[in-house]
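Residue numbers (this note's numbering): 1 to 77.
First the structure, in the form of structure tokens, and then the observations on it.
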């Protein structure tokens with residue numbers, strides 16, 4: 001799959017791994033949107049957009065999917 005530069009990558013989870021992913025994506029010319037319940041999460045400081053909601057919030061997940069060309073997650077457990 002080829003993802004054009006400027007596309008948005010959706011990230012479920014806004015911890016340190018999400019932050020590192022958002023930073024790497026930005027260096028490659030991508031935008032990021034993060035879904036995370038905690039408003040002051042590490043990834044929010046570098047992402048282009050944050051959706052503050054629970055991980056099981058269907059409306060928030062749909063919003064993230066609609067705003068993103070591709071969605072991934074960053075959970076360690």
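No residue lacks a Cβ here, since even glycine has one placed at the ideal position from N, Cα and C.
Own chain partners of residue i with C-beta closer than 8 Å, once the 5 adjacent residues on each side are dropped
i: residue 70; result: 1, 3, 7, 9 and 10
i: residue 37; result: 52, 53, 54 and 55
Residue interval of the beta strand (DSSP E) (run including residue i)
i: residue 63; result: Not the beta strand (DSSP E): residue 63 falls in the alpha helix (DSSP H), residues 58–67.
i: residue 35; result: 31–36
i: residue 10; result: 8–12
Any non-hydrogen atom of the ligand NAD within 7 Å of residue i CB
i: residue 31; result: Inclusion of the ligand NAD in the displayed structure is not the case, the ligand content being empty and no account of it being possible.
Contact check, residue i vs residue j, beta carbons under 8 Å
i: residue 44; j: residue 50; result: yes
i: residue 74; j: residue 35; result: no
i: residue 5; j: residue 30; result: yes
Residues near residue i in its chain [Cβ-Cβ closer than 7 Å; skip 5 each side]
i: residue 68; result: 8, 9, 10 and 33
Three-state class that DSSP yields for residue i in the structure shown
i: residue 82; result: The chain is shown from 1 up to 77; residue 82 falls before or after that span and cannot be answered.
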